[in-house]
Amino acid sequence: MKSLYIHIPFCKQKCLYCDFNSYSNADKLINDYVIALKKEIQSYSFNAYKTIYFGGGTPSYIDEKSIVEILKCIDYKKAEEITIEVNPGTVTKEKLKSYIDNGINRLSIGLQATQDSILKEIGRIHTLGDFEKTYNMAREVGFKNISVDLMFGLPNQTLKDVDESLDFIIKINPEHVSCYSLILHENIFNNLPEDEEEREMYYLIIEKLKEAGYEHYEISNFAKPGYESKHNLVYWNQGEYVGAGAGASSYIDNKRYTNVANINKYIANYEDRTIEEVQANDDKEREYIILKLRLIDGIDIKEMNEKFNINVCEKYKEQIEKMEKLELLECNDKNIRLTKKGLDLANIVWEEFV
Ligand code: SF4
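Note that the working numbering gives residue 133 to position 122 of the sequence shown, counting from 1, and the numbers run on in steps of one.
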C-alpha cells in the first residue's frame with residue numbers, strides 16, 4: 012500500500028520565516044479548496060493507504076468537519092497511522108475529539124520554543140501557555156502518540172533557551188520530537204546564533220533527548236521506542252506516496268509529480284500537475300542513498316544490493332572513500348552511515364551522490 016499526504020495550505024497568520032506553500036487571509040477559498048481536494052483524492056484508483064498525513068499550512072486551522080469529509084473519501088480505517096499537524100491556538104477540545112473519533116491517531120504539534128519572546132519574534136501566533144493548553148487537551152481526549160516540533164538557530168535564541176525548551180519537552184514526555192534549525196532564504200532576522208553555537212544546540216538536543224529515552228533515528232527526529240513516524244519512514248525508505256492538494260508531490264512508479272502550487276489554479280483544475288522527474292535506475296540508486304543516509308542506521312548494504320542488484324560498496328567506492336576520509340561517513344560489513352560530524356554536515360555528503 013502507498014501513503015497519502017494531504018496538503019492544507021491555510022494559516023491564521025504567516026510566520027516571518029515561512030516559505031512553505033501556505034497562505035493567511037485566504038479563508039474565503041477554504042470551501043472550494045476542500046471540494047477540489049476531495050475530487051483529487053477520489054480520482055486516484057487507490058482506495059486505502061498505509062499511512063495518511065495532513066500537513067500544511069495549518070491543517071487544524073480549517074473546520075474539523077472538512078477533515079472528516081476528506082478522510083471519508085477513502086477507506087481510511089485501513090491506515091496504520093493518521094497524523095494531523097496542529098498549531099496551538101487553532102484547536103478546541105471538540106475539534107481534537109472529532110479527530111480521534113474519526114481515526115486520527117497521531118498529532119504533530121508545533122511548539123518551536125518555550126520562550127514567548129522568541130515565538131513572537133519569529134511571528135508565531137501562540138505562547139507557551141497556548142501550547143500547554145493544546146497539549147493537555149490532546150492528552151485528555153486520549154491521544155497517545157504526539158510529536159512536538161522544536162526549532163533551533165532562532166533569532167536571539169541562546170543555548171540556555173534550547174536547554175530550557177528541552178527540559179520542558181522532556182517533562183511533558185511526548186512520544187516523538189522533531190528538531191529543525193531555522194533555514195532562511197532571505198536575511199530577515201538580526202541576532203541569529205553563530206554556526207558554532209547552532210552546532211552546539213544540535214548536539215545538546217541529541218544528548219538530552221537520548222538521555223531521556225528517545226532514540227535518535229533520523230537526522231532531525233527522535234522517538235520513544237516504537238513511535239517513529241511511520242509516514243516519514245515511507246519517504247526515507249523511498250516508498251511510494253500520493254500527495255494531494257496544492258503544491259503536493261507524489262512518487263509513483265519511479266516518477267515524481269507536483270501539483271500546481273497556486274490555490275486558485277488548483278481549485279480551477281486539480282489535475283494541473285507536472286512530472287518533475289522520471290528516474291532511471293542510477294538516479295533511483297543515488298536518491299536511495301541520500302534518503303537512507305538521513306536515517307541514523309544508514310544504508311543496509313545487503314538490502315540495497317538486493318534491491319538494486321548491485322554491490323553498493325564497489326559501485327560507489329570513490330564517493331564512499333572520499334567521505335570516509337573527511338570523517339563524514341563510516342562503514343562496516345553491514346551498514347554505511349553518517350558519522351557524528353556527518354550528521355551536521357550532511358549536505359556535503361548529499362552533494363557527492365547527487
Ligand atoms: S504555521 Fe507553519 S505553515 Fe503556517 S506560516 Fe507558520 S511556519 Fe508557515
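Backbone N, C-alpha and C define an ideal beta-carbon position, used for all residues, glycine too.
For C26, the CB falls within less than 8 Å of some heavy atom of the ligand SF4.
In this structure L165 is in contact with I129, their Cβ atoms being roughly 5 Å apart against a cut-off of 8 Å. Proximity of the beta carbon of C22 to the ligand SF4 is indicated: a heavy atom of the ligand is located closer than 8 Å.
Excluding residues up to 5 positions away in sequence, V79, L82 lie with their Cβ nearer than 7 Å to the Cβ of N113 in the same chain. The continuous stretches of beta strand (DSSP E) do not include L356, and DSSP gives it neither H nor E. Annotation for D264: no residue places its beta carbon closer than 6 Å to its own, counting only its chain and skipping 5 residues before and after.
Proximity of the beta carbon of F31 to the ligand SF4 is indicated: a heavy atom of the ligand is located closer than 8 Å. Comparing alpha-carbon positions, the option among I41, K155, C29 lying closest to L107 turns out to be K155. Per DSSP, the unbroken alpha helix (DSSP H) holding I217 starts and ends at 206-222.
If one requires a minimum length of 4 residues, the alpha helix (DSSP H) runs lying completely within the stretch 216-260 are 241-247, in chain order. D311 is a Cβ neighbour of N346, given a cutoff of 9 Å.
Here V188 carries a strand assignment [DSSP, helix/strand/coil].
Inclusion of S240 and T94 in the CB contact set at 9 Å is warranted, their separation being smaller than that value. The alpha-carbon of Y252 is positioned some 5 Å away from that of K13. Bridge pairing for K266: I263, V289 [DSSP]. Here G164 carries a coil assignment [DSSP, helix/strand/coil].
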